[in-house]
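Chains as they are written, first to last, in our numbering: chain A, 126 to 443; chain B, 126 to 443. A short write-up of the structure that comes next.
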């Protein structure tokens, strides 16, 4: 059992609130602050609702106890005073984030780790002029982090290696699944992989190869039935008698032809986006999105419970 | 209830045998033929084992009855005589397939549909010189088709529209999940999407951004927790308050930066493939691949059962 550390969630929109759930359910004390004082009341209700959702899959979760560890405060300085870790999840505006981190850097203990949830702004742009930039990095969640465990640990050129290690370790301790980038890349890992696939999907639909519905089906009835529990390299390894080397060797020629004709960097024309939006909004009207988001989140929790139950691998002597 | 049609499986390696399971479990009579007469005995054992695996998730499946619908025959001509549908799954060799389809075209009833399971060869190359090429097309399964429902219906420029429709309809009738290409594309849909993602994954690992293990984690702990039940367009639609148009609009600038730096067409150097193979073979030795394949297939069946149970969507008035 590790000693609980105090954590500050700075910015408590959807992302910040979900982070508060992640920390509080793991026994950490959480302080919340937002530049908009009215955000606190909304956050408390939403955090309680999220914990209730989680309770269905985690019978040991004590909602009251978790809630008692969360406290809203009136100033940024009060939020970060004495904490070991700060998770900033304010709106995606560069100057606002730069200014927030300069203030946090002055007010937080010297050994606290300062992390941004940003998905779109490089950490090096946010932290360049922060004096303590060696302790700053991006810790990018997938939304919402209390449902989806993946977290991307993204250091800047100035981030100290110990800070990277400690952030990754904290994320494991609170039940997330961290991955680490060795250097900055736009989109980190998840969005690069997601948008490579999405770009080629847009290419296929945009150039008349197939319908959008069929693209969705390729994922739900094909690719993701393996990716839900084994990644793309292991898929290849298990698809060829010679393992991964056999997979790449045997398919080299087919892969070359596909590679040459891929357009994963396809820039979708606005008409295509409009058409796709109209198609999907016909099935799921924009007003129904919150209901479908709730459905999606329930599905994710159920899926994770199933995957955790089914996880045992064959044993073998190596 | 449709009238059962007779089906011929031509070539009964792993893929052909799995097709036989798909057809027989749905009540169709199946004839098996392979150029290697010794393949028949192995096929029968493997089909019985596959049906036993399925039985665990489909209590109504009558294994004996399904087995009784499958019959091996001695000649290609006998296999296709009188059938409504032929599924060819011979080795990936162009000339052998061309010759097979010329023979099948002569021996099968005039209204039978003739399909190839090829993944690597364009249908237009196989069927160009087949007289009845209007009734020929590629019907590409994901291996093994009795576990993974996605099937790609890939017409050539000569395939009659009614043949495309009938093939798609047959696939739905036997419980598969068909998608249709409007024109030929190397890799069809699934491998194009898979290899766009895999190419960018190779780029990220090859250029030192992250480890292969972290790539696998991005899928299993992140992306696939949604893609298992909603495709990439719906993921975007549910990720923005404005729906899909809001997703593309709000992220346009971030997407542009990622798009410009993607290398989904990354040609992995041989040293990288060797290193990745060594890494994964350290966890899963090549000799253990069959055991892990069996584990994977059990996981897929369990996952599909979970997903089918959990499928109900919120209702809403549009």
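We put the beta carbon where it would ideally sit given N, CA and C, even for glycine.
Chain B within 8 Å of residue i, Cβ atoms only
i: residue 172(A); result: no
i: residue 144(A); result: no
i: residue 279(A); result: no
i: residue 273(A); result: yes
i: residue 126(A); result: Here residue 126(A) scores only 40 on pLDDT, less than 50, and its place in the model should not be relied on; the value that follows carries that caveat. It does not: the Cβ of residue 126(A) has no partner Cβ on chain B nearer than 8 Å.
i: residue 166(A); result: no
i: residue 427(A); result: yes
i: residue 387(A); result: yes
i: residue 411(A); result: yes
i: residue 132(A); result: no
i: residue 95(A); result: In the structure as shown, chain A begins at 126 and stops at 443. Residue 95(A) is therefore absent and cannot be evaluated.
i: residue 245(A); result: yes
i: residue 443(A); result: Residue placement at residue 443(A) is poorly supported in this model, since its pLDDT is 43, which falls under 50; the coordinates still yield a value, given next. By this cut-off, residue 443(A) is an interface position.
i: residue 262(A); result: no
i: residue 326(A); result: yes
i: residue 416(A); result: yes
i: residue 340(A); result: yes
i: residue 337(A); result: yes
i: residue 402(A); result: yes
Proximal residues of chain A, C-beta to C-beta of residue i below 7 Å
i: residue 202(B); result: By Cβ distance, chain A contributes nothing, its closest Cβ being about 31 Å from residue 202(B), past 7 Å.
i: residue 267(B); result: 347
i: residue 406(B); result: 368
Amino acids of chain B, ordered along the chain, whose beta-carbon sits closer than 9 Å to that of residue i
i: residue 394(A); result: Here the premise fails: no neighbours, minimum Cβ distance about 11 Å.
Neighbour flag for residue i against chain A, beta carbons, 8 Å
i: residue 251(B); result: no
i: residue 231(B); result: no
i: residue 137(B); result: no
i: residue 223(B); result: no
i: residue 363(B); result: yes
i: residue 366(B); result: yes
i: residue 169(B); result: no
i: residue 150(B); result: no
i: residue 226(B); result: no
i: residue 390(B); result: yes
i: residue 350(B); result: yes
i: residue 236(B); result: no
i: residue 431(B); result: yes
Host alpha helix (DSSP H) of residue i (start-end)
i: residue 213(B); result: It is not in any alpha helix (DSSP H) - residue 213(B) instead sits in the beta strand (DSSP E) that spans 210-213.
i: residue 452(B); result: What is shown of chain B runs 126 to 443, which leaves residue 452(B) out entirely.
i: residue 188(B); result: 188-193
i: residue 398(B); result: 395-408
i: residue 438(A); result: No alpha helix (DSSP H) contains residue 438(A), which DSSP labels as neither H nor E.
i: residue 148(B); result: 139-150
i: residue 336(A); result: Note, residue 336(A): premise wrong, no alpha helix (DSSP H); not H, not E.
i: residue 329(B); result: 315-331
i: residue 180(B); result: 164-180
i: residue 298(A); result: 286-298
i: residue 363(A); result: 357-364
i: residue 161(B); result: Counting along the chain, residue 161(B) falls outside any alpha helix (DSSP H), and DSSP gives it neither H nor E.
i: residue 222(B); result: 219-232
Under 9 Å by beta carbon: chain A residues contacting residue i
i: residue 329(B); result: 306, 310, 314, 317, 318
i: residue 399(B); result: 370
i: residue 188(B); result: Here the premise fails: no neighbours, minimum Cβ distance about 23 Å.
The beta strand (DSSP E) enclosing residue i, as first and last residue numbers
i: residue 238(A); result: 238-241
i: residue 135(A); result: 131-135
i: residue 280(B); result: 275-280
i: residue 303(A); result: 302-305
i: residue 262(B); result: 261-266
i: residue 157(A); result: 154-158
Amino acids of chain D, ordered along the chain, whose beta-carbon sits closer than 7 Å to that of residue i
i: residue 323(A); result: No chain D is part of this structure, whose protein chains are labelled A and B.
Under 8 Å from the C-beta of residue i: neighbouring residues of chain A
i: residue 270(B); result: Going along chain A, no residue has its Cβ under 8 Å from residue 270(B), so there is no contact; the nearest lies around 11 Å.
Heavy atom of the ligand FAD within 7 Å of residue i beta-carbon
i: residue 294(A); result: Among the ligands in the structure shown, none appear at all, so the ligand FAD cannot be discussed.
Where residue i meets chain B, residues with beta-carbon distance less than 8 Å
i: residue 334(A); result: 306, 307, 308, 310, 314
i: residue 420(A); result: 438, 439
Amino acids of chain B, ordered along the chain, whose beta-carbon sits closer than 7 Å to that of residue i
i: residue 424(A); result: 354, 435
i: residue 343(A); result: 275, 304, 314, 315, 318
i: residue 383(A); result: 311, 312, 316, 317, 320
i: residue 380(A); result: 320
Item to complete: Give a yes or no on contact between the segment 175-185 of chain A and the segment 197-212 of chain A, applying the rule of three or more CB pairs nearer than 8 Å.
Response: no
Name, going along the chain, the residues of the segment 283-298 of chain B whose beta-carbon falls closer than 9 Å to a beta-carbon of chain A. none
* To do: Decide yes or no for the touch test of the segment 254-268 of chain B against the segment 236-244 of chain B: beta carbon pairs closer than 8 Å, at least 3 of them.
  => yes
**Study point:** the segment 314-323 of chain A in contact with the segment 326-342 of chain B per 3-pair CB rule at 8 Å
**Key:** yes
*asked:* Under 8 Å: do the segment 407-419 of chain B and the segment 339-349 of chain B share three or more Cβ pairs, one atom per stretch?
replied: no
- request: Indicate whether the contact test is met: 3 or more Cβ pairs, each with one atom in the segment 383-400 of chain A and one in the segment 368-377 of chain B, closer than 8 Å.
  value: yes
Q) Per the contact definition of three or more C-beta pairs closer than 8 Å, is the segment 291-300 of chain B in contact with the segment 353-369 of chain A? A) no
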